[in-house]
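**Student:** Here you go, one structure.
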Amino acid sequence: MKRFVPPILALLLVFSAILVYADDNNAVERPWSDDLPLPKWETPAEKQVPPEAADDVTPPPTEPVRAVAEFEWQEGVQLAYPFGWDDMFVEMVRECQEVGVVYMVVENTASMSNCSNLLSYNGVPLDNIEYVFHPMNSMWSRDYGPHFVWGETSDEIAMVDWQYYDSRPNDDEIPDYMADMMHMNFYETPIYHEGGNYMSDGHGTAMCSDVLYSNNQSWSYQQCEQELMDYFGVNDVHVYERITWDATGHIDLWAKIVNDTTILVARMQPDDPNYNLVEQHAAAMGQVQTVYGTPFNIQRVQMPPAYTFWIWHYYKSFMNSLIFNGKVLVPIFTTEPALTTQALAAYQAAMPDYEVVGIYSDAICSAGGAIHCTTIGFADHIEDYYHDASISATPVAPPIQIPASGGSFNFDALVTNNEADSIHTEVWSEITLPSGSTIGPMLNRHVMLPAGGSASRTLMQAVPANAPAGAYTYTMYTGERLPRVENDEASFTFEKLGVAGDVSESMTGWYVEEITSSSETLVSSRPDDYVMIDAYPNPFNPTTQISFSLPDNGLVELAVYDVSGAKVMDLVSGYRAAGEYQVTMSAKMLSSGIYFAYLNYQGNTSIQKLILMK
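If you want it as structure tokens, here you go:
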């Protein structure tokens, strides 16, 4: 199927720049305005940052591994926000969330809120978006994001990470954080390389440009290639001379492996200085043997002429596409209508079983990339989420009847690991409304349970006054919310007797609060199982001390909201070391009423109800 996403208006970037060309084997130097999102390449100012004194390099896998190819089925895809080119971003997320999880890296809850508002305003559902909180420098997820290998002995998936620009340390740490979040083995190679300069057929063949060598000039060519072999399970590494007029030199500007027998290669304009070089590369790729013992099938896609931005050249490339779960998202250009039609037809011919989607990407190209450069897939490992775990949810005082003015009820929740080994599992709750629609999650926790271990909580669920009247079902799950894996569920019913005010099915006013931790044999490495938040005095007037404890260093946000869900105060925002903290909240400018302190730590939220009495 071939279709177009509605056109977007190209954004005009205006800034001063000076271009200094080096010889064809060296990257061009392109100064960049501080007012713009960082480009894909490392700017001259960034190159002045000294190398890190040490990095978390690990030994390579000890078992034989196989690199996961982009065209294999993926659990999800990583993007980062702020993105910088909102129209393009919205359409990318719209397409991706239809067929997988979108792991959205954001720095804080403000960015999360802005991202959600942008997507919702443009009609993009949020159900398949999982926000990941981590500091970031840029949105070029392909270059710094994780890659994946399968262990041929263990049959387990693991993450592999390159060294990224020393000037962007926050980006460089994201794969390590992701591996910890997903409880995966993690390997970090000592070589500097970007993901946009790497492609694999999933059977031991890898291709890249000689940026692999120029990034690691103290290493021999053989040593660089051996690192790919050791960490990615590669047997054959094919390295091609980088093209000029491209600040990154990455292979994903002019070539793409679309399956284990076919490679799409750009055809440059005849008067382009890279024409002969790319023709040579296409011929060489056509000599590489597939896993089936036949040469790769080379199909061509016509490249637009090079563009000039200020005084340098850049390319608008159809090759910078993303393959994701039956779709291929292709960058297309308002300035190239005829070539756009040809490019989409070429993709459809090469990938007849895929839905080919064109997304207008004019504005981003002068920054060095497009769709492929800003996304990276997460290999499917759904088997890791299946466990023999059970859950129960029992009302404290049934039957539950909530008055029209709203109220709350308490219930006991118990999750148990029935396996002989420890497990990581997610626990969450959802509510089915009288209309049959579902809202949630109300509660969302990641826990680690030892063999035979369990954890119990007494929880309070608040019900707002404007919730519809009728019968509700409250359901607790254990498994994984995204992608959806339900290992067990438990439910009970409650009733709301009427409505006060305008009826609303939104989540505003619904919240869960932990009452007690009644019994526990829980041993956990997850921060949300240890984060504590409290306030004293409470009720208070006009100040109270909010205390919280952190088991590890991490990004913390502490904010206060009123009962309508509006933020009224920011108290903490930034990194904090492990330890106990106290923050004074002054409510002199607030009116009497109920408020909620939300502590967000490593993407998990704890809530403390506050009562202000003046």
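The sequence shown begins at 0 in numbering that gives the first Met the number 0 and counts up one residue at a time.
Just so you know, even glycine gets a beta-carbon here, dropped at the ideal spot from N, CA and C.
Reducing DSSP to helix, strand and coil, say where P43 ends up.
**Tutor:** Position 44 of the sequence shown, counting from 1, holds the residue named residue 43. Three-state result, P43: helix.
**Student:** Quick one: what does DSSP say V290 is sitting in, helix, strand or coil?
**Tutor:** Translated into the one-based positions of the sequence shown, residue 290 becomes position 291. Looking at V290 - three-state DSSP - the assignment turns out to be coil, as it is neither helix nor strand.
**Student:** Measure the beta-carbon distance from G232 to G201 and round it to whole angstroms, keeping in mind my assumption that it falls under 8 angstroms.
**Tutor:** As a position in the sequence shown, residue 232 is number 233, starting the count at 1. As a position in the sequence shown, residue 201 is number 202, starting the count at 1. 10 angstroms between Cβ atoms; not a contact.
**Student:** Taking the alpha carbon of V564 as the reference point, which residue from S217, H380, M459, K608 has its own alpha carbon closest?
**Tutor:** Numbered from 1 along the sequence shown, position 565 holds the residue referred to as residue 564. According to the sequence provided, residue 564 is Gly. The question's Val does not apply to it. The option with the nearest alpha carbon to G564 is K608.
**Student:** Name, in chain order, the residues that DSSP records as bridge partners for G248.
**Tutor:** Translated into positions along the sequence shown, residue 248 becomes position 249. Answer is none; G248 lacks a bridge partner.
**Student:** So, do the segment 311 to 321 and the segment 217 to 231 have three or more beta carbon pairs nearer to each other than 8 angstroms?
**Tutor:** Contact fails: fewer than three Cβ-Cβ distances are below 8 angstroms.
**Student:** Let me make sure I understand the geometry here. Which of D551, T543, I606 has the alpha-carbon closest to that of Q581?
**Tutor:** Position 582 of the sequence shown, counted from the start, is the residue given in the question as residue 581. Of the candidates D551, T543, I606, the one whose C-alpha sits nearest the C-alpha of Q581 is T543.
**Student:** Would you call the segment 129 to 144 and the segment 31 to 51 in contact, with 3 or more CB pairs under 8 angstroms?
**Tutor:** Enough Cβ pairs lie closer than 8 angstroms, so yes.
**Student:** Which ranges would you report for the beta strand (DSSP E) in the segment 31 to 89 if only whole runs of at least 3 residues count?
**Tutor:** Whole beta strand (DSSP E) segments, 3+ residues: 64 to 66, 73 to 79.
**Student:** At which residues does the alpha helix (DSSP H) containing R141 begin and terminate?
**Tutor:** What you label residue 141 is simply residue 142 of the sequence shown in a count that begins at 1. Unbroken alpha helix (DSSP H) run through R141: 140 to 143.
**Student:** Does the structure place the segment 542 to 562 close enough to the segment 578 to 592 that three or more beta carbon pairs sit under 8 angstroms?
**Tutor:** They touch, by the three-pair rule.
**Student:** Pairs of beta-carbons, one from the segment 314 to 324 and one from the segment 260 to 277, closer than 8 angstroms: are there three or more?
**Tutor:** Yes, the segment 314 to 324 touches the segment 260 to 277.
**Student:** Leaving aside the five residues before and after A388 along the sequence, list all residues of the same chain whose C-beta is less than 8 angstroms from its C-beta, in chain order.
**Tutor:** For the purposes of this step, residue 388 is taken as the residue at position 389 of the sequence shown. Taken in chain order, the residues that qualify are V414, T415, N416, N417, E418, I422, T424, L448, T477, G478, N486, D487.
**Student:** Excluding sequence positions up to five away, which residues of its chain have a Cβ less than 8 angstroms from the Cβ of P58?
**Tutor:** Position 59 of the sequence shown holds residue 58. The residues are Y186.
**Student:** Since S407 and A470 should fall inside the 8 angstroms C-beta cutoff, what is the C-beta to C-beta distance between them, to a whole number of angstroms?
**Tutor:** Taking the sequence shown and counting its residues from 1, the one referred to as residue 407 is at position 408. Taking the sequence shown and counting its residues from 1, the one referred to as residue 470 is at position 471. Incorrect: roughly 17 angstroms between the Cβ atoms, too far for contact.
**Student:** Tell me whether L496 is buried or exposed, calling it buried when 16 or more other Cβ atoms sit within 10 Å of its Cβ.
**Tutor:** Along the sequence shown, one-based indexing puts residue 496 at 497. By the neighbour-count rule (16 or more Cβ atoms within 10 Å), L496 is not buried but exposed.
**Student:** Would you decide whether V395 is buried or exposed? Buried here means 16 or more other CB atoms lie within 10 Å of its CB.
**Tutor:** For the purposes of this step, residue 395 is taken as residue 396 along the sequence shown, with counting starting at 1. The residue is exposed, with fewer than 16 neighbouring Cβ atoms inside 10 Å.
**Student:** Measure the alpha-carbon distance for Q216 versus R241 and round it to whole angstroms.
**Tutor:** Numbered from its first residue, the sequence shown carries residue 216 at position 217. Numbered from its first residue, the sequence shown carries residue 241 at position 242. Cα to Cα, Q216 sits roughly 15 angstroms from R241.
**Student:** Starting from M181, follow the alpha helix (DSSP H) in both directions and report where the run begins and ends.
**Tutor:** Working through the sequence shown from its first residue, we reach residue 181 at position 182. Where M181 is concerned, the enclosing alpha helix (DSSP H) stretches over 168 to 181.
**Student:** Could you check whether M459 and V426 sit closer than 8 angstroms to each other, using their CB atoms as the reference points?
**Tutor:** On the sequence shown, residue 426 is found 427 positions in, with the first residue counted as 1. On the sequence shown, residue 459 is found 460 positions in, with the first residue counted as 1. Not closer than 8 angstroms, so no.
**Student:** In whole angstroms, give me the CA-to-CA distance for M612 and T373.
**Tutor:** As a position in the sequence shown, residue 612 is number 613, starting the count at 1. As a position in the sequence shown, residue 373 is number 374, starting the count at 1. Rounded to whole angstroms, M612 to T373 spans 49 angstroms at the Cα level.
**Student:** By a C-beta neighbour count over all protein chains shown, 10 Å radius and 16 as the cutoff for buried, is Y291 buried or exposed?
**Tutor:** Your numbering for residue 291 matches position 292 in the sequence shown. Exposed is the call here.
**Student:** May I ask you to report which of helix, strand or coil DSSP gives I190?
**Tutor:** Numbered from 1 along the sequence shown, position 191 holds the residue referred to as residue 190. Correct three-state label for I190: strand.
**Student:** Kindly indicate which three-state DSSP category D383 falls into: helix, strand or coil?
**Tutor:** Here residue 383 refers to the residue found at position 384 when the sequence shown is read from its first residue. Looking at D383 - three-state DSSP - the assignment turns out to be helix.
**Student:** Keeping to the same chain, check which residues put their C-beta closer than 8 angstroms to that of N25; ignore five residues upstream and five downstream.
**Tutor:** Numbered from 1 along the sequence shown, position 26 holds the residue referred to as residue 25. Since pLDDT at N25 reaches only 39, below the 50 mark, its modelled position is unreliable, and the value read off the structure follows with that caveat. Within the same chain, N25 has close Cβ partners S213.
**Student:** With 16 as the cutoff for other CB atoms within 10 Å, does S453 come out buried or exposed?
**Tutor:** If you number the sequence shown from 1, residue 453 lands on position 454. So S453 counts as buried.
**Student:** What are the residues that DSSP puts in a beta bridge with A392?
**Tutor:** For the purposes of this step, residue 392 is identified with residue 393 of the sequence shown, where counting begins at 1. DSSP, once it has assigned bridges, lists A412 as partnering A392.
**Student:** Comparing C-alpha positions only, which one of V300, A348, T307 sits nearest to P330?
**Tutor:** Here residue 330 corresponds to residue number 331 of the sequence shown, with the count starting at 1. Looking at the Cα atoms, V300 is the closest of the given residues.
**Student:** Using CA atoms only, rank isn't needed, just tell me which of S119, A348, V56 is closest to Y163.
**Tutor:** As a working note, residue 163 is residue 164 in the sequence shown. For the residues S119, A348, V56, the minimum Cα distance to Y163 belongs to V56.
**Student:** Just the C-alpha distance for L442 and N296, rounded to the nearest angstrom, thanks.
**Tutor:** Residue mapping note: residue 442 aligns to position 443 of the sequence shown, counting from 1. Residue mapping note: residue 296 aligns to position 297 of the sequence shown, counting from 1. Cα-Cα distance, rounded: 51 angstroms.
**Student:** With DSSP run on the structure shown, which of helix, strand or coil describes S503?
**Tutor:** Mapped onto the sequence shown, residue 503 falls at position 504. Of the three classes helix, strand and coil, the one that applies to S503 here is coil, per DSSP.
**Student:** Among F88, G368, H182, which has the Cα closest to the Cα of V446?
**Tutor:** In the sequence shown, residue 446 corresponds to position 447, counting from 1. Taking only the C-alpha atoms, the option nearest V446 is H182.
**Student:** Return the first residue and the last residue of the alpha helix (DSSP H) that A283 is part of.
**Tutor:** Here residue 283 corresponds to residue number 284 of the sequence shown, with the count starting at 1. Element bounds for A283: 274 to 284.
**Student:** T243 to Q347, Cα distance in whole Å?
**Tutor:** As a working mapping, residue 243 is identified with position 244 in the sequence shown. As a working mapping, residue 347 is identified with position 348 in the sequence shown. The straight-line gap from Cα to Cα measures roughly 29 angstroms.
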